[in-house]
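Chemist: Per my numbering, the very first residue in the sequence shown carries number 1; after that it's consecutive.
Cβ coordinates follow ideal geometry from the N, Cα and C atoms, glycine included.
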Amino acid sequence: MSTPTKMAIEDRVRAAIATVDDPEYPGISIVDLGLLESIHVQPNGDVVIGLVRRSPVALH
């Protein structure tokens, strides 16, 4: 998969994730809270998303 294709997929995934609100803070996305750590597109097209946990005891 080419780098421009990977970047386009990452951009689309980031845009989609930006619409997901944090369950504890309705109206604030997990991206706005800085919880999205990474997006990796695998050679086979799978996407791996890394999230930051706010608390070691957070269950959701």
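#1: What residue range does the alpha helix (DSSP H) around residue 41 cover?
#2: Just how far apart, CA to CA, sit residue 55 and residue 25?
#3: Can you list, in chain order, the residues of its chain with a C-beta nearer than 6 Å to that of residue 52? Leave out the 5 residues immediately preceding and following it.
#4: Tell me the residue span of the beta strand (DSSP E) that contains residue 49.
#5: Starting from residue 4, trace the alpha helix (DSSP H) in both directions and tell me its first and last residue.
Modeler: Result, derived from the coordinates:
#1: Where residue 41 is concerned, there is no enclosing alpha helix (DSSP H), although the beta strand (DSSP E) it sits in stretches over 36-41.
#2: 15 Å
#3: 35 and 37
#4: 47-51
#5: 3-17
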